[in-house]
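Input: a single structure, listed below in structure tokens.
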Amino acid sequence: MKKFASVAAYLRAVPPAPRAALQQLRKTIKAAAPKATEVISYGMPCFKHHGTLLCFAAFKDHLSLFMSTYFTKTLKKELAPYQTAKGTIRFTAAKPLPAALVRKLVKARIAQNEARR
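Letter by letter, the sequence shown follows residues 4 to 120 of the working numbering.
Set out below in structure tokens:
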């Protein structure tokens, strides 16, 4: 596993098409969670706010958003167009996650983390 010093360094290592999709995802997450901090955890970009909110990563054939299994179960209908497994949502650069769905996931995860405080 490569080690990255920052989220920017991680993104620079991703090919152009998936990089653009991940940069848009990152922008949407930042807007939905302005108090969250970005870190590299488990070798991938993550956002933290009272614990981990979510992480994302690029793979050879897909991109993934990692978060609580609770949301992949409770939002099954909205996530139906995407492949999900436990706390993972898989998507592609050609079919990225809609910003409205990402905002909903981020806000729900923030509420979940804050409720555990």
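Just so it is clear, CB atoms sit at the ideal spot from N, CA and C, and this is done for glycine as well.
No experiment lies behind these values; they were computed from the predicted model shown.
Checklist entry - What did DSSP end up calling Val17 once you bin it into helix, strand or coil? => result Taking the sequence shown and counting its residues from 1, the one referred to as residue 17 is at position 14. Reduced to three states, the DSSP call for Val17 is coil.
Item to check | Phe74 burial status per 10 Å Cβ neighbour count (16 or more: buried) | outcome: Position 71 of the sequence shown, counting from 1, holds the residue named residue 74. When all chains shown are included, Phe74 counts as buried.
Item to check | Whole-number beta carbon distance between Arg112 and Ser71, since they are thought to touch under 8 Å | outcome: For this step, residue 71 is matched to residue 68 along the sequence shown. For this step, residue 112 is matched to residue 109 along the sequence shown. Correct: roughly 6 Å between the Cβ atoms.
Checklist entry - Alpha carbon to alpha carbon, what distance is there between Pro48 and Thr95? => result Position 92 of the sequence shown, counted from the first residue, corresponds to residue 95. Position 45 of the sequence shown, counted from the first residue, corresponds to residue 48. Distance between the alpha carbons of Thr95 and Pro48 is about 17 Å.
Item to check | Reduced DSSP category for Thr40 - H, G, I as helix; E, B as strand; rest coil | outcome: Counted from its first residue, the sequence shown places residue 40 at position 37. Three-state result, Thr40: strand.
Checklist entry - Can you list, in chain order, the residues of its chain whose CB lies under 7 Å from that of Arg22, leaving out five sequence neighbours each side? => result Counting from one through the sequence shown, the residue named residue 22 turns up at place 19. Taken in chain order, the residues that qualify are Leu14.
Checklist entry - For the alpha helix (DSSP H) that contains Phe74, what are its first and last residues? => result The residue labelled residue 74 in the question sits at position 71 within the sequence shown. 72-77 is the extent of the alpha helix (DSSP H) around Phe74.
Checklist entry - Which class does Leu82 belong to by DSSP, given the choice of helix, strand or coil? => result Position 79 of the sequence shown, counted from the start, is the residue given in the question as residue 82. Coil.
Item to check | Alpha carbon of Lys89 to alpha carbon of His53, nearest angstrom | outcome: For the purposes of this step, residue 89 is identified with residue 86 of the sequence shown, where counting begins at 1. For the purposes of this step, residue 53 is identified with residue 50 of the sequence shown, where counting begins at 1. C-alpha separation (whole angstroms): 21 Å.
Next on the checklist: Quick check: Ala35 and Arg106, are their CB atoms within less than 8 Å of each other?
Outcome noted: Here the question's residue 35 lines up with position 32 in the sequence shown. Here the question's residue 106 lines up with position 103 in the sequence shown. Result yes, Cβ atoms of Ala35 and Arg106 sit closer than 8 Å.
Item to check | Under the three-state DSSP convention, the category Thr121 falls into | outcome: Any answer about residue 121 is impossible in this case: the structure gives the chain only from 4 up to 120.
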